[in-house]
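To keep things clear, I will list the structure first and then write my remarks on it.
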Amino acid sequence: MSATKQEPEMTFENAAAMGLSKEEWELILTRLGRTPNMCELGIFSAMWSEHCSYKSSKKWLKTLPIDGPQVIEGPGENAGAIDIGDGLAAIFKIESHNHPSFIEPYQGAATGVGGILRDVFTMGARPVALLNALRFGAPDHEKTRHLLAGVVSGIGGYGNCIGIPTVGGEVNFDPSYNGNILVNAMAVGLANSDRIFRSAATGPGNPVIYVGAKTGRDGIHGATMASAEFSDETESKRPTVQVGDPFTGKLLMEACLELMASDAVLSIQDMGAAGLTSSSVEMASKGGLGMEMDLDLVPAREEGMSAYELMLSESQERMLMVLKPEATDTARQIFDKWDLDFMPIGKVTETGRLVLLKDGGVACDIPLAPLVDDAPEYDRPQADVTPRPALASADITSDAPVAEVLKSLVGSIDLASRRWIYEQYDSQVMADTIAGPGGDAGLIRVHGSRRGLTVSTDCTPRYVEADPRTGGAQAVAEGWRNLSAVGARGLAITNNLNFGNPEKPDIMAQIAQSVLGMGDAARALDTPVVSGNVSLYNETDGRAILPCPVVGMVGTIDDIASAVGMAPTADGQALVVIGQDALQNDGWLGVSLYARNLAGDPKAAPPPVDLEAERRNGLFVQQQIAAGGIRAAHDVSDGGLAVAIAEMCVAGRIGAAIEMPAGGNRHGWAFGEDQARYVVAADDADALLAAAQAAGVPAATIGSTRAGGELQFGDEAAISVEELHSLAEATIPTLMQGG
Amino acid sequence: MSLSALRVTVAVFPGSNCDRDMMVAIEKLAGRRPALVWHKESSLDATDLVIIPGGFSYGDYLRCGALAARSPIMEAVLDHAARGGAVMGVCNGFQILLETGLLPGVLVENAGLKYVCRNTCVEVVGGTASPFTDGLETGQRMIIPVAHNEGNYFASDEDLQRLEDNGQIAFRYADSDIVGPSNPNGAARDIAGIVSPNGRVMGMMPHPERAISPELGSADGATLLTACLEALSA
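As they're listed, the protein sequences go chains A and B.
FYI, the numbering for the first sequence is 1056 to 1794, going by the numbering used here.
FYI, the numbering for the second sequence is -17 to 216, going by the numbering used here.
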């Protein structure tokens, strides 16, 4: 049918419908020297989509540090890889599935997890940990409960079934996400450093093999949808959402890892965004070669699929591989064992062209170079960022007791316990989870060793909005702190840049400046960026989300036995704040949770990020934890010092008496969000303070833990830790029950 | 015989995902690596204990455990059980054993209608002679995690009474200071695990293989598994 059907000649209108601009359409005509057919145009539009080409962000991504002695593989492969010692590599990446998750929350989130897992095991790594960074709209928005329930269920549905523990992540809420939620999934895997697989095709004549699930009509042109704004008609895009099957994903993972234990695989690429198009184009172009495929051989779920549909489908759980010809039979046996399709569909060529055969004819014959090398790169105009004034302490006049403010903050949606969410994730499968969700960072044991791998995801969008460069740096610094608080050193990061429409100068400024800030911090902390993802056009009816450049950080600790949690381990332990001295009697309230929730959300500057202090204080905390001088640690972030202390008390079900400064601004001191700080519990405060002084790290004892389960600030009335616990635990279950 | 002489077999289905964890736990506790048997096999080599591990066998399609219960290897497991051989099913393994009819009752969706992963307090009940409880004290409490969507044990009142009267309830969820209220799924009579009338087949929802060292949050699963391995090697 499709072979004989006369296809109408493509015009700019067709190109525009696929998201291409007039200039891009004309560039295609020039490069081809003729008008493309529909399949060819679809391939160009997918490869030149924002999602695949990074055309608006590339200029800025190039400014990020990507090298370091620990880096084995930087950006450009399916995932980044770093050396973690003992001959092992940690392989990881974060990726967004924002638009599909808004349209179909369960499937959108599930396939987000499945996709990022494939990126990791494609490199030859067994995935060992999952994390996620989620943003939802206002709690009382009509869609929030439905979206939260569906996304959480979808993340669990995939991760739990495939059997990879979800060990961390973060969730927050803001009205700017009402019509455009964020679902970013991160996966971390482990491989032998000398057994990492890459995607560049090699050896003209070698067979190109399709494995995994069959191709259907789901998710066609998903990469293009992910590169467009939302509107009221978005719900009609439901058919562009892929459907995940974690069972097939599990079989595919096991079959691929079994095959990769042999030396049969020359190159391998998962079929993620833009499916067969991006996998074949990237493999061939990275190898400087060409590829020819017979689309009639592609295992299809439905009959009569056109070349266009086969090339643009985003059906899940599929891989493309180039094998050694002599290993094909052995490889086929492995996929037979796992009951998966295994189909040679083409070969590597020397032509530098992508040639697709269909129904006895040529459905596509285009040069690869323009698809990749000529992908547009824009230097889009940026608006000037006007620095906001610092919030003056004198503007905060409330004299409410610290304890009362604390109660309202710990029960707020921003800080409330995420237990309702993370108990729906299997955080313990693989039996190597030392610290799962709920702490500063996830900690897993490297299987069969004493070494620990720590992971976190972070971003504070309100800081990024207030000052993109500071906010970008802060996301990296908070990741560094989260790992330090466990006792681990951050080694590298992956990032997920979630922003609005880059064609708007104010949004472009957010992107560029926050990437610069992220680079500043990554250089200062020696945590290069090894992989990442960009999600733009996160707007609904012209309104952008709060900018959210998420940082996923991976680090190690030599011996898991030396790691600490945030719960103080005994009564009478000193509580010491690292990163501020005893003279401190105020704090930075601008853009704090306190200012937003309780002081009218004045437009002010966010807390400055002193990267030298972050580095010094973090290294000090890491060293003291390793030496046993710190028994529990928690980084100070949203909600400031008082919230950090309260969270430690709740975690340990233990009370504390806290001394407050005599003068100054009590609320600034308690709830200011000055950076580079930790609260730690120590048995020997004098020794810790002496060590801090020797290291040039400000530190001060601010109180001690005590039996009885009451938390007291200065001479205020004490509050029950159990009450704080109940307040924190009640918020999300109450929301989800519709209360 | 010595513990390391004990022959343990772990059955693996497509979608099993706790097979490795169970193998690691048994190897650590018994000193010998268990044998693995693939679902397409139709016979078992001589073995003292068959373990059906957790996971999502066949993707939980149709009904949890339903397809695995009809796989070739389960025919051999049924023969093994009919000869008085010991069989242990954990989580999805428990679901599979119910689907084969080796154990009575069903596991339906959690009362909270959500997947749940958290520590629970498991109390030894026991009664009938069984290698799975004989080495443990009645009333002994253990912290062992659960992770499932369909762990809500249900049976008719008559069956439940029969389980009680025959001492076939091996483990119950109990409230504790450490983990709080403990029945995580609404299971009838707080049932966490049961044994067959002859005590030789046991199914439980909690995952002892995930609680085999203090670093993992609890070593109580090691206590449970070791007691079972010792009873079988006695």
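Beta carbons are placed, not taken as given, at the ideal position from N, Cα and C, and that holds for glycine.
- In the three-state DSSP reduction, A:G1169 falls in the helix class (H, G or I).
- Annotated as proximal: A:D1739 and A:A1629, with beta-carbon spacing under 9 Å.
- Relative to the Cα of A:A1144, the nearest Cα in the group A:M1178, A:G1167, A:A1165 belongs to A:M1178.
- Contact between A:I1400 and A:Y1265 holds, with the beta-carbon distance rounding to 5 Å and staying under 8 Å.
- Proximity of the segment -4 to 12 of chain B to the segment 193 to 203 of chain B meets the contact definition, three or more beta-carbon pairs being nearer than 8 Å.
- Residue range 1687 to 1690 is occupied by the beta strand (DSSP E) that includes A:D1690, with no alpha helix (DSSP H) assigned at that position.
- Following the DSSP letters along the chain, one finds B:E191 in no alpha helix (DSSP H), marked with neither H nor E.
- About 16 Å separates the CB atoms of A:T1221 and A:D1513; that is not less than 8 Å, and the two are not in contact.
- When DSSP states are grouped into helix, strand and coil, A:V1266 belongs to the strand group.
- Chain-ordered, the chain B residues with CB closer than 7 Å to the CB of A:E1478 read V98, C99, R100.
- Under the 9 Å criterion on CB atoms, A:F1390 is classed as non-interfacial with respect to chain B.
- For B:D202, no Cβ of chain A is located within less than 9 Å of the residue's own Cβ.
- Taking A:G1274 as reference, the option from A:E1313, A:A1328, A:E1284 with the minimal CA-CA separation is A:A1328.
- Three or more beta-carbon pairs separated by less than 8 Å link the segment 1399 to 1416 of chain A to the segment 1331 to 1349 of chain A, which places the two stretches in contact.
- Taking the Cα positions, A:R1473 is about 24 Å away from A:G1527.
- A:F1176 and A:S1586 have their alpha carbons spaced roughly 15 Å apart.
- The beta carbon of A:M1573 sits no closer than 9 Å to any beta carbon of chain B.
- The C-beta distance from B:Y97 to B:N134 rounds to 12 Å, too long to fall under 8 Å, and the pair is not in contact.
- Excluding residues up to 5 positions away in sequence, S1322, K1341, G1342 lie with their Cβ nearer than 6 Å to the Cβ of A:A1255 in the same chain.
- Leaving aside the five residues that flank B:L79 on each side, the residues in its chain whose CB is nearer than 6 Å to its CB run, in chain order, G71, L85, G185.
- Under the Cβ distance rule, A:C1216 counts among the residues neighbouring chain B, one pair being separated by less than 9 Å.
- Nearest to A:E1068 by C-alpha distance, out of A:G1097, A:G1088, A:L1087, A:T1085, is A:G1097.
- Under the three-pair Cβ rule at 8 Å, the segment 1592 to 1605 of chain A does not count as touching the segment 1671 to 1690 of chain A.
- Annotated three-state conformation of B:E57 is helix, per DSSP.
- Of all residues in the segment 109 to 135 of chain B, those with a C-beta nearer than 7 Å to a C-beta of chain A are P127, A129, reading in chain order.
- When C-beta distances to chain A are compared with 7 Å, every residue of the segment 69 to 92 of chain B stays at or above that value.
- Boundaries of the alpha helix (DSSP H) harbouring B:N74: 74 to 82, taken from the DSSP string.
- Scanning A:Q1748, A:V1734, A:S1100 for the CA closest to the CA of A:G1074 turns up A:S1100.
- In this structure, A:L1666 lies near A:A1576, with their beta-carbon atoms less than 9 Å apart.
- By the criterion of a C-beta distance shorter than 6 Å, A:T1756 is surrounded in its chain by A1629, V1631, A1740, once the five residues flanking it on both sides are discounted.
- Of all C-beta pairs linking the segment 1183 to 1193 of chain A to the segment 1768 to 1783 of chain A, fewer than three are shorter than 8 Å, placing the two stretches out of contact.
- For A:F1726, the secondary structure class from DSSP, reduced to helix, strand or coil, is helix.
- As computed with DSSP, A:T1611 is found in a beta bridge with A:L1508, A:R1544.
- Look at the beta carbons and you see the segment 1486 to 1500 of chain A touching the segment 1528 to 1542 of chain A: at least three pairs across the two are nearer than 8 Å.
- Comparing C-alpha distances from B:R123 to each of B:L145, B:S(-16), B:G83, B:A174 shows the shortest one belongs to B:A174.
- A residue is called buried when at least 16 other Cβ atoms come within 10 angstroms of its Cβ; B:D202 meets this threshold and is buried.
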